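What follows is one structure encoded as structure tokens, with my remarks underneath.
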Amino acid sequence: MSTRIEHKPELSRFEIFSDDELAGYAEYAERPGVRDFNHTLTFPQFRGRGLAAQVVQSALNTSREQGFKVMPTCWFVDEFINGHAEYKDLVA
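In my numbering, the protein residues as written are 193 to 284.
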């Protein structure tokens, strides 16, 4: 299984693909300097493979690189940050 993650700013989300098939995404709402990650979804046939964690980690890394703080209003993003102390400084 090969995966790739793409940032789609026109859709306000980061998408993860498994073998070139859209497997899920992390959506956000953006305002100056802050991305509010409000929804993460993995399609049922792709669940249990850690893809949600991969797309969230990539989204957080990209947000950091681009100078954004984040609001984890999505429960999954909130739990991910709480379980990975290296991202706590990103929380607005």
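Idealized CB from N, CA, C, for every residue including glycine.
Owing to the predicted nature of the structure, the values given are computational and were not obtained by experimental measurement.
Asked: Outcome for glycine 216 when other beta-carbon atoms lying within 10 angstroms are tallied against a minimum of 16; Found: buried
Asked: Residue environment, serine 250, which counts as buried when at least 16 other CB atoms sit within 10 Å; Found: buried
Asked: Spatial distance of serine 210 from alanine 284 (CA atoms); Found: 31 Å
Asked: Start-to-end residues for the beta strand (DSSP E) that takes in phenylalanine 229; Found: 226-234
Asked: Where glycine 240 sits in the DSSP three-state scheme; Found: coil
Asked: Whether valine 226 touches lysine 261 by CB criterion (7 Å); Found: yes
Asked: Distance between glutamate 213 and threonine 232 (C-alpha atoms, nearest Å); Found: 17 Å
Asked: First and last residue of the uninterrupted alpha helix (DSSP H) at glutamate 271; Found: 267-275
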